[in-house]
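J.: Next up is a structure, given as structure tokens.
Right, here's the structure in full:
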């Protein structure tokens with residue numbers, strides 16, 4: 030029975046909270062179940078008391094009227110009237126006593142309510158103090174949390190920078206080792222070719238001394254006007270003339286580039302004409318041009334920007350891979366696995382890094398002499414604008430940013446602002462075995 034009454038009380042008088050918002054602060058008053066029961070009981074008792082008093086007063090008035098009527102009717106009966114008056118006085122005394130008792134109860138109830146109110150005020154004051162302390166602790170916690178996060182972010186950035194520097198140093202070391210091995214092999218090859226060339230030159234000079242100079246045939250004269258376009262028999266493969274011819278077909282003005290690579294040495298003296306029977310000795314113009322061309326090859330973009338690739342789209346007119354319409358392609362597309370390393374194809378200075386419309390992420394490098402290379406659709410750029418690069422440094426990771434159908438690098442070569450065919454440069458590079466390891 031008690032348990033049922035307790036459940037009824039929990040259902041009728043659950044703990045309640047009163048939220049009061051004043052000047053941006055929210056205060057909460059909690060009204061406990063006991064306090065609610067006390068107030069409800071007090072209200073019930075007060076209601077019953079007031080109802081009882083009201084009924085008593087109404088009843089007394091009714092009895093008084095009845096008695097007045099009876100007195101009027103039985104004025105002649107003094108005995109009955111006295112008895113009735115005595116009975117009425119006794120009843121009035123009882124009613125007065127009951128009224129005094131209820132007044133005492135009301136006074137006690139009022140004192141109890143005032144005590145409860147004072148306790149509520151004290152609880153509210155204590156709650157305000159605790160809330161202020163809680164707000165202070167939360168503010169301190171936020172401050173400490175912010176400092177901790179800032180320190181953690183700084184530490185993470187430093188760790189990432191250190192990891193990046195370490196990876197960059199390892200990649201640089203591997204690249205230098207590969208370049209050292211490549212240059213060692215190249216030096217050995219060039220030394221062999223130089224010995225063969227010197228032997229041929231000595232042999233030609235010996236023949237020129239022993240035999241009179243023959244007049245070249247007309248077709249040989251026409252062929253001599255074209256800069257070194259035949260294969261050198263001494264090397265058994267591609268020669269400098271073939272490389273020069275291929276670069277000329279790609280749109281390179283070799284004479285201008287060679288003039289920029291070398292200035293004529295200081296020479297002079299009086300002019301003395303040769304006699305009619307004077308013999309002409311061998312000139313060094315061809316040897317100087319070959320030597321300058323060798324220097325030029327070292328600074329031209331003759332290698333591929335990725336170590337291993339699949340040739341996807343050539344230079345010039347093509348069918349657009351997205352809208353399938355005829356269009357002009359200003360470079361070549363070389364596909365490779367996503368995030369493959371991208372290397373610069375010649376020494377130079379970075380002139381642009383960032384997004385460029387349909388190209389996506391782009392790196393542009395100025396190699397001097399009016400030659401600029403462009404690498405597009407990159408995933409991640411690893412150089413900054415103004416950075417000076419030696420040959421074959423990693424500049425980015427292969428991606429598919431911008432207007433692209435898949436992972437590849439769009440590679441362009443610009444000569445004085447005009448796009449030329451990079452495939453010609455790649456073919457010329459293969460002839461001198463310039464590649465990215």
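Numbering (my numbering), first residue to last: 30 to 466. Just so it is clear, CB atoms sit at the ideal spot from N, CA and C, and this is done for glycine as well.
Beta-carbon separation of residue 79 and residue 124 under 8 angstroms?
T.: No, these two residues do not count as a Cβ contact at 8 angstroms.
J.: Please list, in chain order, all residues of the same chain as residue 431 whose beta carbon is under 6 angstroms from its beta carbon, the five residues on each side excluded.
T.: Excluding positions up to five away in sequence, the list reads 387, 388, 389 and 406.
J.: Considering only residues of the same chain and omitting the five flanking positions on each side of residue 255, which have a CB-CB separation below 7 angstroms?
T.: Below a pLDDT of 50, predicted positions are generally treated as unreliable, and residue 255, at 37, falls in that range; the measurement from the model is reported next regardless. Counting only Cβ-Cβ distances below 7 angstroms, and skipping sequence neighbours, we find nothing.
J.: Here's a check: name, in chain order, each residue in its chain whose Cβ is nearer than 8 angstroms to the Cβ of residue 181, leaving out the five neighbours to either side.
T.: Excluding sequence neighbours, residue 181 sits near nothing in its chain.
J.: Measure the CB-CB distance between residue 344 and residue 451 and report whether it falls below 8 angstroms.
T.: Contact: yes.
J.: Just the C-alpha distance for residue 177 and residue 163, rounded to the nearest angstrom, thanks.
T.: When rounded, the distance between both Cα atoms is 21 angstroms.
J.: Report buried or exposed for residue 455, applying the criterion of at least 16 other Cβ atoms within 10 angstroms of its Cβ.
T.: Label assigned to residue 455: buried.
J.: Here's the rule: buried if 16 or more other CB atoms are within 10 angstroms of the residue's CB, otherwise exposed. What is residue 357?
T.: Residue 357 should be labelled exposed.
J.: Quick check on residue 194: does DSSP put it in helix, strand or coil?
T.: It is helical.
J.: With distances taken from CA atoms, which of 362, 425 and 415 is nearest residue 441?
T.: The candidate whose alpha carbon is nearest that of residue 441 is 362.
J.: I'd like the span of the beta strand (DSSP E) that includes residue 409, first residue to last.
T.: Run containing residue 409: 400-410, per the beta strand (DSSP E) assignment.
J.: Secondary structure at residue 89, three-state DSSP: helix, strand or coil?
T.: Helix at residue 89.
J.: Output yes or no for whether 8 angstroms exceeds the beta carbon distance between residue 378 and residue 415.
T.: Yes, these two residues count as a Cβ contact at 8 angstroms.
J.: Would you please state the rounded distance, in angstroms, between the beta carbons of residue 439 and residue 372? I believe it to be under 8 angstroms.
T.: About 15 angstroms; that fails the 8 angstroms criterion.
J.: Per DSSP, residue 393 is paired with what?
T.: Residue 393 is bridged to 381 and 403.
J.: Would residue 318 be called buried (16 or more neighbouring beta carbons within 10 Å of its own) or exposed?
T.: That one is buried.
J.: Quick check on residue 28: does DSSP put it in helix, strand or coil?
T.: Residue 28 falls outside the range modelled here, since the chain spans only 30 to 466, and no answer is possible.
J.: Within its chain, find whatever has a CB closer than 7 angstroms to the CB of residue 444; leave out the 5 residues flanking it on each side and keep chain order.
T.: So the qualifying residues of the chain are 280, 281, 399 and 400.
J.: Who are the Cβ neighbours of residue 276 in its own chain at under 8 angstroms, not counting the five residues just before and after it?
T.: The residues are 283, 329, 453, 454 and 457.
J.: Residue 126: buried (16+ other C-beta within 10 angstroms of its C-beta) or exposed?
T.: Burial call: exposed.
J.: Determine the burial state of residue 43: buried for a count of at least 16 other Cβ atoms within 10 Å of its Cβ, exposed for fewer.
T.: Classification of residue 43: exposed, given that the 10 Å Cβ count is below 16.
J.: Which same chain residues, not among the five before or five after residue 429, have their C-beta less than 8 angstroms away from its C-beta?
T.: Closer than 8 angstroms at the Cβ level, and outside the excluded window around residue 429, lie 367, 389, 406, 408, 435, 436 and 437.
J.: Please return the same chain residues whose Cβ sits closer than 6 angstroms to the Cβ of residue 380, not counting the five positions on each side in sequence.
T.: So the qualifying residues of the chain are 393 and 395.
J.: Given a cut-off of 8 angstroms on the beta-carbon distance, is the pair residue 58 and residue 153 in contact?
T.: The answer is yes: Cβ separation under 8 angstroms.
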